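>
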Amino acid sequence: MSLILHLETATTVCSVALSFEGKLISLKEENNGYTHAEHLSLFIEDVLHLAGKKMTEIDAVAISKGPGSYTGLRIGVATAKGICFGLNKPLIAVNTLLSLANIAADKYGDRYLICPMLDARRMEVYTAVFNSGKMIFETTALILDEQAFSNLLSTQQIVFLGDGAHKFQSLCDHTNAIFDTSIEPSATGMINNAYQQFKLAQFEDSAYFEPFYLKEFYTPAPIKSK
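For the sequence shown, our numbering begins at 2 and goes up steadily by one.
Next up, the structure:
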């Protein structure tokens, strides 16, 4: 049996889903800026209520591990770890870009390569490339220019999506490039991977697990008063 709670907080989207045996049974999400601290716990309560379940009935918690927003990831991971510690339940982590690619694959099938892009400020994005659910271009922080992905685009069509895709759209007019900025991260994108990891007992160490930040957190030096 696998009743899994899924938390997606890596971007401005706050999304919580509950699944049973790999099937969605309830969902609550919104994209309203970085309001995870205010809404995440309420959304968890809502999805459990909608499904007629209690927190003590869940079998695992799945978290979107990053890359993404430092603050969003910290809030999501801290919440997931707290639930896992309190209930002695396993923690499952799913790459945020893979989760986003799964959502795109549901829409486009296997016809195209899938390239999710998450905004990493300026002209930089967190990105990877997937082919039929397999990562063929490893997760990286990439500074975009006109030649990005030119080798792949010369032979294959690629769907670019996510809140960083508009940056590349302003640089790329290749006929094999398809841009879909309507697809947003959702906890639903984790369900299948989390279910497979649950069956294989591929769990994280809740005591030591950290989000996949990809880049070190940068804090500017304080301005000295004169």
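C-beta: ideal position from N, C-alpha, C; glycine also.
Predicted model only: the values in this text are computed from it and were never measured.
1. For a test of the three-state rule: what should DSSP assign to Leu-145, helix, strand or coil?
2. Could you give the uninterrupted runs of the alpha helix (DSSP H) lying entirely in the region 47 to 112, keeping only those of 4 residues or more?
3. Please list the segments of the alpha helix (DSSP H) lying wholly inside the region 152 to 192, counting only runs of 4 or more residues, in order along the chain.
4. Out of His-175, Asp-120 and Ile-26, state which residue places its alpha-carbon closest to the alpha-carbon of Tyr-71.
5. With respect to the beta strand (DSSP E) encompassing Thr-128, which residues constitute its N-terminal and C-terminal limits?
6. Just to confirm, are Ser-3 and Phe-199 a CB contact at a threshold of 9 Å?
7. Determine the closest residue to Ser-155 out of Ala-102, Ile-5 and Leu-114, with distance taken between C-alpha atoms.
8. Report the residue from Leu-153, Asp-164, Pro-186 and Lys-24 whose alpha carbon sits nearest the alpha carbon of Arg-123.
9. Does the distance from the C-beta atom of Asn-32 to that of Val-48 stay below 9 Å?
10. What three-state label does DSSP hand Phe-21 in the structure shown?
According to the structure shown:
1. The count along the sequence shown starts at 1 and reaches residue 145 at position 144. In the structure shown, Leu-145 adopts coil according to DSSP, grouped into three states.
2. Runs of alpha helix (DSSP H) with 4 or more residues, each lying fully within the region 47 to 112, are found at 71 to 88 and 97 to 109, listed in chain order.
3. Runs found: 166 to 170.
4. Locating residue 71 in the sequence shown gives position 70, counting from the first residue. The candidate whose alpha carbon is nearest that of Tyr-71 is Asp-120.
5. For the purposes of this step, residue 128 is taken as residue 127 along the sequence shown, with counting starting at 1. Unbroken beta strand (DSSP E) run through Thr-128: 125 to 132.
6. Taking the first residue of the sequence shown as position 1, residue 3 is located at position 2. Taking the first residue of the sequence shown as position 1, residue 199 is located at position 198. The answer is yes: Cβ separation under 9 Å.
7. Here residue 155 corresponds to residue number 154 of the sequence shown, with the count starting at 1. The shortest C-alpha to C-alpha distance from Ser-155 to any of Ala-102, Ile-5 and Leu-114 is the one to Leu-114.
8. Residue mapping note: residue 123 aligns to position 122 of the sequence shown, counting from 1. Comparing Cα positions, the closest option is Asp-164.
9. Residue 32 sits at position 31 when you count from the first residue of the sequence shown. Residue 48 sits at position 47 when you count from the first residue of the sequence shown. Not closer than 9 Å, so no.
10. The residue you call residue 21 lines up with position 20 of the sequence shown. Strand.
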